[in-house]
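Residue numbers (the numbering used here): 43 to 126.
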């Protein structure tokens, strides 16, 4: 099994209309998102959610994506924080 921290993620600032905080998503797992009040909290919550997602896929007999398999380029940075 792959190291969780080898999967790329993106973090974006949520607007006031979205109740603020930060949203984390994983390009390799469309079904896995989480959030937090700070980027650090979003990352912690995101990797908890990623572990649960991988466990659920495994238990259902689905394949687990390789890191960067859902990314546009394997040369991208493993994390990105956007203020937009």
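Idealized CB from N, CA, C, for every residue including glycine.
Among the options, nearest to residue i - alpha-carbon criterion
{"i": "residue 107", "options": "66, 73 and 55", "result": "73"}
{"i": "residue 63", "options": "54, 90 and 86", "result": "54"}
{"i": "residue 50", "options": "58, 70, 59 and 57", "result": "70"}
{"i": "residue 61", "options": "48, 75, 79 and 52", "result": "79"}
Residue i burial status per 10 Å Cβ neighbour count (16 or more: buried)
{"i": "residue 67", "result": "buried"}
{"i": "residue 58", "result": "exposed"}
{"i": "residue 102", "result": "exposed"}
{"i": "residue 95", "result": "buried"}
Cβ pair residue i, residue j closer than 7 angstroms
{"i": "residue 56", "j": "residue 46", "result": "no"}
{"i": "residue 77", "j": "residue 84", "result": "yes"}
Three-state secondary structure (DSSP) of residue i
{"i": "residue 111", "result": "coil"}
{"i": "residue 102", "result": "coil"}
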